[in-house]
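Step one of this worksheet: look at the structure below.
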Amino acid sequence: MLIGALPAFAASTATAVTPGLSTPTTTSLVPTPAPRFGFQPLTPARLVDTRSTSPVGPGGVLAVPVLGHGGVPASGVGSVALNITAVTPTSSGFLTAWPTGSARPATSTVNFTAGQVVPNNTVLGVGTGGTISVYNLRGSTHVIVDVTGWFPTGSGVTAVPPARVLDTRSGSPLGPGGTRTLKVAGTSSPSVPADAVAVTLNITATGPTATSYLTVYPAGASRPTSSTLNMVRGSTVANATIATVGAAGSVTIANASGSVHVIADLTGYLLPGMGYVPLVPVRVADTRSGDYFQGGFGFDAPYPVGTVNPASMFDITVPRRGSAPKVPFGAGSVVLNVTAIAPDRAGYLKVVPGDGFGPLPSVSTLNFTAGQVVANGAIVGSPLDEVSLKSSGAVVDAVVDVLGYFPADGVGLMRLGPNYRTYSLGTDRIGVIACNPTGYTVPRAQAVANLTAQVTPFFTWLSGGRYVTTFVDAGAVSVADADSCLNRIGAVSTAGKNLTMALGVDGRGRSELSASGLAGPGSWTGPATYPQNGRDGQVTASSVLAYDPNGTITPFYNVTAHELGHTLDFPHSYVISGSGEYTNVMDLMSSTSALAPWGDNQPQATIAANRLRAGWIDPDQVARHQTSGSSYVLNPIGVAGTQMVAIPGGRDGKFVFLDARTRSGYDLYAQKEGVEVYLAEDQPGGSGIQGRLAPAVGAPDSTDHVLGAGEALTLGGGALTVSVGARNAQGGYTVTVTGTSWNFPTLFGAGLVRATSDVVVPEIRQGPPRTVVPR
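Have a look at this one:
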């Protein structure tokens, strides 16, 4: 839509600059990869399978290459998630896995008896030569090793040499209903910090006197209705788990029936801020009772996982029997314990991300024999919160418990599925197509040149080099007065142009050129598909390219940058007072037109929540406020260090956040320098795609929510006070937060009505429709 004549450039009254000359330039159009944080799920890949060669003999050691294989990078890897399977051993025994180059620990990873096929999931550090070692105690056995993901150095699991922390065989077994509490954090051997939130354990049950199961849960918590390890009389069974640490740095192990000896080996730990949210285990699926979510399709129990339906889908945000969700939308990856119950024949289960209808990896997660009850752990990516179980053909019941999750954004503030963020990392190649009315020709070459000179370096600066726009001349089309530029640009051939987006420049306005667009990535003429080409064919941009009186296109298109922001899932800014949008003068995604002299055609940065949403702020640049009176140093865009302080707002996906703004880079026209205070909330109970952002206080077009040095703001009747100290040499500010949280009124209440209606574009696939916001 046209939004009125745009003023010519004018310098800020606060900062004397020449627009277009003092703004930074970019020297490279190659996107800068964002650093990894937290668990990085992979399509499960097989690293080794000795069945194609020879088994591992008694006392034998198998070297397994990991780095640079199966999707694991060649460097920057702190630990890996593996599924290790012993296949048809000739005698009872066990396998031990550990990082190559260190001493073999006195622990076990997989326990088995002759003839079994037994898997176990484990998280290990990688040793010398990028390998791990697998030792076989006795007899001969084939070994399969699959990789399911990895943790970057400095995030996720901190691997330690496997260490035995419990072995009841030196004392008394756990009796029926018995528990054993085990200190796992704040210990010196193995060395685990006191503030660890979870530990990786390998739990082994040996010599049970009855069919039973063990449950591992945080010490001090109520015992959950979940199982960690299942066993039958006389068996030796192991399972790996990520156990949440409870009271006094301890976990509790409970036995259901009979007596059993328990062995626990610790292989790593997770610290606060390392991208993991531990839970008291919660059951999300149990096919025996129909207590699960399966994409709207029901079936009878026992469910023939691989025969009647191609896959079993369950929503990890829905715990059993409709209680309050424990796992938010967009968890990124979930830590599961999967139990197969009473299969009608031998076989295996695959646990895979997504809906299970695409190609499946040639790996197994859980192997079983007829009638067996067996469990295994898995860490699985969860696009659209779906995790699928696929059986090799057996009719088998399945129970799934969630032990914790790795948020998609690494810190758990924005509850967005990871696929959506891929739009904002990399390059968009945008075709500029002129819509020429009778008697007029749009100077599209100049439009392309100016977009390239101004919008491209703007996004390169704003994203820290992680998102690059390139503009190319994609041709022209004739339009009559009644024609739509948007409808006509589809007539232009894009063969060989490899476009991800099209921008139609409508020449009927002459001095104000309306620009409508189709979003990428992928061929812009293609259909809307999700998630690979989720933006194709969708109307997202309706902008204005302003001309000055002599017909020269103005050198900066801030409104175009705003519309491109929508293609990156950036929402408008709302103002609570007056319930309006387009009235936050500090945000690219609102409007500055009411505040001459510069108006809409000057550069304007966007706020920290959007940059976090896009992956332009690293998780270690976000300070999560927990303790009243804590102080932080907030730095502005482009300066290393903390970019955002997040304060709890009452639930997942709802928080107060702070960021710093100074007149530098492409933010020369910021209305006020200082610390901004905002409210952020994702759609409650919805898809999590569309969120709302609002200044914490203030009337439309005000800067009341921006605190300069020496200023303070109290929120929620005293729940929070934000105090800003001195400005440092880099343009950052010291800020102190008193109070721990503010459960502010929802931004989705009746008082906040959209100024425009959302357009929902249907997609060729099940899943949440993408909400497209017109300007």
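If you read the sequence shown in our numbering, its first letter stands for residue 6, the second for the next number, and so on.
The beta-carbon is built from N, C-alpha and C at its ideal position, and this holds for glycine as well.
This structure is a prediction, so every number in the text was calculated from the model and none was measured.
Met-649 is bridged by DSSP to Val-627. Following the DSSP letters along the chain, one finds Trp-466 inside the alpha helix (DSSP H) bounded by residues 449-467. Closest in C-alpha terms to Leu-219, from the list Val-332, Lys-502, Leu-234 and Thr-272, comes Leu-234.
The beta carbon of Ser-80 is closer than 8 Å to those of Leu-72 in its chain, skipping five residues each way along the sequence. Note on geometry: alpha-carbon atoms of Asn-125 and Leu-87 lie some 8 Å from one another. CA-to-CA, the gap between Val-661 and Thr-572 works out to about 24 Å.
Buried is the label assigned to Arg-449, since at least 16 other Cβ atoms lie within 10 Å of its Cβ. The beta carbons of Ala-403 and Thr-292 sit closer together than 8 Å. For Leu-617, the enclosing alpha helix (DSSP H) covers residues 613-619. With fewer than 16 other Cβ atoms inside 10 Å of its own Cβ, Asp-200 counts as exposed. Put simply, the stretch 635-644 touches the stretch 661-673. At least three CB pairs are less than 8 Å apart. The stretch 160-171 makes no contact with the stretch 135-147: fewer than 3 CB pairs, one atom from each, lie closer than 8 Å. Phe-156 has Ser-84 as its beta-bridge partners, per DSSP. Counting along the chain, the unbroken beta strand (DSSP E) around Leu-718 starts and ends at 717-720. A distance of 8 Å or more separates the beta carbons of Leu-408 and Thr-241.
Per the DSSP secondary-structure output, Ile-642 pairs with nothing in a beta bridge. Gly-212 places its beta carbon less than 8 Å from that of His-266.
Per DSSP, reduced to three states, the secondary structure at Asp-433 is strand. Burial of Ala-610 is indicated by the presence of at least 16 other C-beta atoms within 10 angstroms of its C-beta. When the Cα atoms are used, Asn-503 and Leu-430 turn out to be separated by approximately 17 Å.
Secondary structure note for Ile-247: its beta strand (DSSP E) is the uninterrupted segment 241-249. With contacts defined as CB atoms closer than 8 Å, Val-510 and Ile-438 qualify as a contacting pair. For the pair Lys-355 and Thr-249, the Cα-to-Cα distance works out to about 25 Å. For Gly-144 against Pro-78, the beta-carbon gap comes to about 36 Å, at or over 8 Å, which does not count as contact. A Cβ-Cβ contact shorter than 8 Å links Val-139 with Leu-100. A Cβ-Cβ separation of about 24 Å leaves Pro-110 out of contact with Val-202 under the 8 Å criterion. For Ser-57, the secondary structure class from DSSP, reduced to helix, strand or coil, is helix.
Distance between Ser-728 and Thr-741, taken at the CA atoms: about 5 Å. Per DSSP, Phe-575 lies in no beta strand (DSSP E) segment and is marked neither H nor E.
In terms of Cβ geometry, Asn-372 and Val-123 form a close pair [threshold 8 Å]. As DSSP reads the structure, Tyr-274 sits in a beta bridge with Thr-163 and Val-204. In the DSSP assignment, Gln-45 is bridged to Trp-155.
Shortest Cα-Cα distance from Leu-569 to any of Val-482, Gly-337 and Thr-432 involves Thr-432. Residues Tyr-222, Val-285 and Pro-286 of the same chain have their beta carbon placed closer than 6 Å to that of Pro-229, with the five preceding and five following residues left out of the count.
Collapsing the DSSP output to three states places Ser-396 in a strand.
Taking all protein chains shown into account, Ser-113 has 16 or more neighbouring C-beta atoms within 10 Å of its C-beta and is therefore buried.
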